[in-house]
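Chemist: Numbering (the numbering used here), first residue to last: 442 to 730.
1) By a C-beta neighbour count over all protein chains shown, 10 Å radius and 16 as the cutoff for buried, is residue 470 buried or exposed?
2) Is it a yes or a no for the region 489-504 touching the region 646-656, going by three-plus beta-carbon pairs under 8 Å?
3) When DSSP builds the beta bridges, which residues end up paired with residue 492?
4) Determine, using beta carbons only, whether residue 487 and residue 507 come nearer to each other than 9 Å.
5) On the three-state DSSP scale, how would you describe residue 537?
6) Could you round the C-beta distance between residue 783 and residue 553 to whole angstroms and report it? I think they count as a contact, below 8 Å.
7) Is it buried or exposed, residue 713, if we count other Cβ atoms within 10 angstroms and call 16 or more buried?
8) Whole angstroms is fine: what's the gap from residue 466's alpha carbon to residue 676's?
9) Our contact map puts residue 648 next to residue 668 with C-beta atoms below 8 Å; I'd like the distance itself, whole angstroms only.
10) Select from 505, 514 and 525 the residue whose C-alpha is nearest the C-alpha of residue 477.
11) Give every residue of the same chain whose Cβ lies closer than 6 Å to the Cβ of residue 485, excluding the five residues on either side of it in the sequence, and list them in chain order.
12) Specify whether the region 575-593 and the region 602-614 touch according to this definition: at least 3 beta carbon pairs, one from each stretch, less than 8 Å apart.
13) Hey, how far is the Cα of residue 576 from the Cα of residue 590?
14) Could you check whether the region 523-538 touches the region 607-617, counting it as contact only if at least three pairs of C-beta atoms, one from each stretch, sit closer than 8 Å?
15) Does the region 555-566 come close enough to the region 443-457 to have 3 or more Cβ pairs within less than 8 Å?
16) Rounded to a whole number of angstroms, what is the C-alpha to C-alpha distance between residue 539 and residue 463?
17) With a CB to CB cut of under 7 Å and the five nearest residues on each side skipped, what residues in its chain are close to residue 568?
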């Protein structure tokens, strides 16, 4: 048990260090979220913007600037989480492959990445909720934070997928940017007259948008929206696990995986299996590039 905990702790430390080194993402968290939310509050008119919430069927009439703040917070957390996980996966892929092929258990690497992603998304969601509620108080702030957290997790998992399958960094950044903008913009009643269309139900953050709108402007339960978002999250996480498993697979041919005999002739050590280092020792000697 202690060995598994040590392996998980080591991998988690490397994952968190990789996120902390992404200074541009840290700058986005500190400045982009509050600036975007503050500009939406100041520049968008505060006249009522009625719309029908598909998850509950009720008609809400929040001020337009409050509504834009919520969609802006969703857009910000999804972009930041997607960027951070894409960058960590894209730049750390070679290091993960070396660890896995040296014997480090892949399940510990996956769990460490999920833990680091959860910590990052929780911090970003809490920060965005506090920024959105600086000038006014959402009806259900904890549920709003939960909706933002689930949306960030979903895009973080998508960032892992893009970081594993795309070959250029600009491709992944552009893909995350465009998906997030289209996703949230089509669901904003102020910018899209089709925000209550049946098509938006298939967008990645549909459940989070429904839950966050309900949490911000009503006292209705947000469980239906969160349940829908969890389905997207599970699908994205499964896709991320599959591509990570494929990327860190053992590339040695079958004949190289067999026991290697000693060619020094008959003797005491003839035919003895080759000793491989313990995964924990490998992780201590290998450093991320």
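Beta carbons are placed, not taken as given, at the ideal position from N, Cα and C, and that holds for glycine. In this text, all values refer to a predicted model and were calculated from it rather than measured experimentally.
Modeler: Let me spell this out:
1) That one is buried.
2) Judged by Cβ distances under 8 Å, the region 489-504 makes contact with the region 646-656, as three or more pairs qualify.
3) 501
4) yes
5) Helix at residue 537.
6) In the structure as shown, the chain starts at 442 and stops at 730, and residue 783 therefore has no counterpart that could be examined.
7) Residue confidence for residue 713 is low, a pLDDT of 49 falling below 50, so the modelled location carries little weight and cannot support an answer.
8) Rounded to the nearest angstrom, the gap between the Cα atoms of residue 466 and residue 676 is 25 Å.
9) 7 Å
10) 514
11) 505, 506 and 509
12) no
13) CA-to-CA, the gap between residue 576 and residue 590 works out to about 21 Å.
14) yes
15) yes
16) Spanning the two alpha carbons is a distance of roughly 22 Å.
17) 470 and 474
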